[in-house]
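To keep things clear, I will list the structure first and then write my remarks on it.
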Amino acid sequence: MDARDWDKKIEQALNQGTRVDPETRENVWNNIESRLYTGGGKESTSHMKRKRNFIRLAASVAAIVILVAGLNTQPGLALVNRIRELFDPEKNITQDIEGTPEERNVKLNEGKDAEYVIYVDEERYGFVRGEDADRIVPNPPLEERYPEVSMEIRQVNDKKPEALIEEIQAKLQQEFSDVTAPEKVDQPVSGWTFRGLEGGKWDSRLVRVYVIDNRKEGSFVITQRYFLEAEEGHGARFDHMLGEFYIVEEQAE
Amino acid sequence: MDIQLIREIKNGNKDSFKELYEIYADGALRTATGITGDRQLAGDAVQETFIRVYRNLDSFDIGKPFKPWFYRILTNECSRLLRKKPRMVSLNRMCDEQGCQVADREREDYTDLYNAIKSLKDIYRVPVVLKYLQGFSEKEMAGILGLNQNTVKSRLFKARNMLRKKLEAGEGRIGLGRKGLG
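Note that the protein sequences, when read in sequence, are chains Y and W.
Just so we're aligned: 121 in the working numbering is position 121 of the first sequence, and the numbers increase by one with no gaps anywhere.
Just so we're aligned: 1021 in the working numbering is position 21 of the second sequence, and the numbers increase by one with no gaps anywhere.
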């Protein structure tokens, strides 16, 4: 078989294998129309799971790795610029807060060394870059009488989630009386989660931890801290922002 | 035609955006299906692409060709969604609602070849899909994928050789040649 015949076969194989279903075509348009022209938060063509009494109405999915190809020799600033090309600087998401759908404008923030990006609701929260971890905190800060409310994003370079979970759980058990077993989840991020709770009062401290694979033999550990009464408020908002967390990966040749 | 449409869309003309969709939807769905190997993911990718196109049209340079810009966004969306789901190459995915019938000889060859394409690593499969479904040149693909043109050329060359080898390895099997997974 000569090269031209081979090219023809590849083309025909692809044409045959990728036939378009008219119903899909129509459904995709309906979803686009709904999101752009009616202001609805219609879900994507895939089935979306409901988690912990809130509905993700945005069509995007959990912590997704974006390939930023061919940047191995480019300096950090070029990577940041490329990220800004690929991601909208801001977007509107619809989230379910305490049973009510709420549209929020969220803004793009780059994490440490531009290894991840996350969209933050900057009307309510600030993104603070730290030496070892970044934090999302209420802005303006809460009154003194409230327990800590924050979401910390930390990268652990040398331990995969499966190796880290027990360690983190043991630490939580020193701090909290009620710690759940690790649970595998795919929303708002794909990985493991568990929760620690101090007690049953409105201001009992609560921590929720997500551990996800950073795709470089390590992990991202996301620690949300709030209090029991704030679970459906700050807790839900943190989860919605986490749903807009993306790992940035450079693709090797 | 694209330029006029784009101007009208920028002015908020919904009918023009629908027209753009009609022009690009089939090609986009085919390409996304070829890249992701999953029709649902493909639908999601195309949906997100058109939304991103609509929202970022102001940043599009009207002096440049629209198609490569569009497909750059689409390939990025496909990559994004692929990272969520593990890819599976399964003969079952090639079956339609009627099931996996034994087809005529010609159809069988294309099924095996399509499966072979789907089994390629992303870095090889994406250029193959862009070239053979959309007819992009190596230069255009380099722009879409953010790669050096020689890299694109090399990957296409390797992909075609890999496909040949995969197909040669599969010759002589009976029926649809159910390879299964792994």
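Heads up, the beta-carbon is just placed ideally off N, CA and C, and yes, glycines get one too.
The structure displayed is predicted, hence computed values, not measured ones.
Spatially closest choice to residue i from the options, by CA coordinates
i, options, result
"S190 of chain Y", "Y:L14, Y:E244, Y:Y119", "Y:E244"
"F1066 of chain W", "W:N1150, W:K1166, W:I1006, W:A1159", "W:I1006"
"K8 of chain Y", "W:M1141, W:V1128, W:K1153, W:K1165", "W:V1128"
"T1031 of chain W", "Y:E23, Y:W29, Y:N31, Y:T18", "Y:T18"
"V260 of chain Y", "Y:R205, Y:Q187, Y:K201", "A query on residue 260 of chain Y cannot be resolved here, the shown segment of chain Y reaching from 1 to 253 and no further."
"E198 of chain Y", "Y:E90, Y:H240, Y:F227", "Y:F227"
"I32 of chain Y", "W:A1142, W:L1081, W:R1052", "W:R1052"
"A1042 of chain W", "Y:R25, Y:F176, Y:Y37, Y:R35", "Y:R25"
"V137 of chain Y", "Y:D203, Y:V128, Y:R145", "Y:V128"
"L1080 of chain W", "W:S1154, W:D1044, W:M1162, W:Y1110", "For the sequence presented, residue 1080 of chain W should be read as Arg rather than Leu. Closest by alpha carbon: W:D1044."
"F238 of chain Y", "Y:M151, Y:K216, Y:N157", "Y:M151"
"E23 of chain Y", "W:R1039, W:G1012, W:K1014", "W:R1039"
"A3 of chain Y", "W:A1169, W:N1161, W:G1170, W:E1168", "W:N1161"
"P141 of chain Y", "Y:D132, Y:G130, Y:E123", "Y:E123"
"A181 of chain Y", "Y:Q187, Y:I168, Y:P188", "Y:I168"
"E115 of chain Y", "Y:P188, Y:K216, Y:M1", "Y:K216"
"L1133 of chain W", "Y:P89, Y:W6, Y:I10", "Y:I10"
"K335 of chain Y", "Y:P188, Y:F194, Y:D186, Y:D132", "Because chain Y spans 1 through 253 in this model, residue 335 of chain Y falls outside it and cannot be assessed."
"G1146 of chain W", "W:K1064, W:G1063, W:S1154, W:N1076", "W:N1076"
For residue j and residue i, believed in contact at Cβ under 8 Å, the rounded distance
i, j, result
"L1057 of chain W", "K1010 of chain W", "5 Å"
"R1072 of chain W", "I1003 of chain W", "With 8 Å as the limit, R1072 of chain W and I1003 of chain W do not qualify as a contact, their Cβ atoms being about 18 Å apart."
"R84 of chain Y", "E148 of chain Y", "Contact doesn't hold; Cβ gap of about 32 Å is too wide."
"N139 of chain Y", "Y119 of chain Y", "Between Y119 of chain Y and N139 of chain Y the Cβ distance is about 15 Å, and since that is not below 8 Å, they are no contact."
"G196 of chain Y", "V207 of chain Y", "5 Å"
"Y37 of chain Y", "K1014 of chain W", "6 Å"
"D1112 of chain W", "V20 of chain Y", "That belief does not hold up - the Cβ atoms of D1112 of chain W and V20 of chain Y are roughly 22 Å apart, past 8 Å."
"E231 of chain Y", "W202 of chain Y", "With 8 Å as the limit, E231 of chain Y and W202 of chain Y do not qualify as a contact, their Cβ atoms being about 10 Å apart."
"W29 of chain Y", "Y1024 of chain W", "Actually they do not touch by this definition, with Cβ atoms about 11 Å apart."
Which residues DSSP lists as bridging residue i, in chain order
i, result
"M151 of chain Y", "Y:I136, Y:Q224"
"E183 of chain Y", "Y:T193"
"R25 of chain Y", "Bridge partners of R25 of chain Y: none, in fact."
"E103 of chain Y", "Y:T94"
"V117 of chain Y", "Y:E110, Y:Y246"
"D213 of chain Y", "Y:S219"
"V207 of chain Y", "Y:G196, Y:R225"
"D7 of chain Y", "For D7 of chain Y, which the question treats as bridged, DSSP gives no partner whatsoever."
"Y1054 of chain W", "Answer is none; Y1054 of chain W lacks a bridge partner."
"G126 of chain Y", "Y:V137"
"V156 of chain Y", "Y:S219"
"D178 of chain Y", "Y:L197"
Contacts around residue i, its chain only, beta-carbon distance under 7 Å, and the 5 residues preceding and following it disregarded
i, result
"F1017 of chain W", "I1009, Y1054"
"P258 of chain Y", "In the structure as shown, chain Y begins at 1 and stops at 253. Residue 258 of chain Y is therefore absent and cannot be evaluated."
"Q173 of chain Y", "V179"
"V117 of chain Y", "I83, F87, L108, N109, E110, G111, Y246, V248"
"A1028 of chain W", "V1046, T1049, L1074"
"K159 of chain Y", "G218, S219"
"W1069 of chain W", "F1060"
"S1137 of chain W", "none"
"R52 of chain Y", "For R52 of chain Y, the predicted structure reports a pLDDT of 29, less than 50, and the residue's modelled location is therefore unreliable. A value from the coordinates is still provided. So the list is empty, once near-sequence residues are dropped."
"K91 of chain Y", "V106, Y119"
Neighbourhood of residue i by C-beta distance below 6 Å, restricted to the same chain and skipping five residues each side
i, result
"G233 of chain Y", "none"
"F54 of chain Y", "Caution applies to F54 of chain Y, whose pLDDT of 25 falls short of 50 and renders its modelled position unreliable; the model cannot decide the point."
"Y1114 of chain W", "none"
"S46 of chain Y", "Residue confidence for S46 of chain Y is low, a pLDDT of 32 falling below 50, so the modelled location carries little weight and cannot support an answer."
"L1163 of chain W", "A1116"
"C1078 of chain W", "A1032, I1035, T1036, A1045"
"N157 of chain Y", "G218"
"G1099 of chain W", "Since pLDDT at G1099 of chain W reaches only 40, below the 50 mark, its modelled position is unreliable, and no value is offered."
"I222 of chain Y", "I153, Y210"
"M1141 of chain W", "P1127, L1130, V1152"
"V185 of chain Y", "T193"
"Q1149 of chain W", "E1138, K1139, A1142"
Residues near residue i by beta carbon distance below 8 Å, same chain, minus five either side
i, result
"E1019 of chain W", "L1005"
"L1082 of chain W", "I1035, T1036, L1041, D1122"
"A1159 of chain W", "L1120, Y1124, R1125, P1127, V1128"
"M241 of chain Y", "V106, I118, Y119, V120, D121, Y125, I136, M151"
"Q12 of chain Y", "none"
Cβ-heavy atom distance, residue i to the ligand FAD, below 7 Å
i, result
"L1029 of chain W", "This structure simply doesn't include the ligand FAD, nor any ligand for that matter."
Note to self: What are the residues in the segment 6 to 18 of chain Y lying within 8 Å of chain W by C-beta distance?
What the structure shows: W6, D7, K9, I10, E11, Q12, A13, L14, N15, Q16, G17, T18
Margin query: To be precise: take each residue of the segment 1053 to 1079 of chain W, compare its Cβ to all Cβ atoms of chain Y, and keep it if any distance is under 8 Å. Which residues remain?
Written below: Y1054, R1055, N1056, N1076, S1079
Item checked: Members of the segment 102 to 136 of chain Y near chain W, C-beta cut-off 7 Å -> So nothing in the stretch comes that close.
Note to self: For the segment 1142 to 1160 of chain W, list every residue whose C-beta sits within 8 Å of some C-beta in chain Y, in sequence order.
What the structure shows: L1145, G1146, L1147, N1148, T1151, R1160
Next item on the list: Name, going along the chain, the residues of the segment 1123 to 1138 of chain W whose beta-carbon falls closer than 8 Å to a beta-carbon of chain Y.
Entry: I1123, V1128, V1129, Y1132, L1133
Notebook entry, point to check: Going along the segment 1016 to 1032 of chain W in order, which residues come within less than 7 Å of chain Y, judged by CB to CB distance?
Noted result: Y1021, A1025, D1026, L1029, R1030
Item checked: Against chain W: residues of the segment 155 to 167 of chain Y by CB proximity under 7 Å -> none
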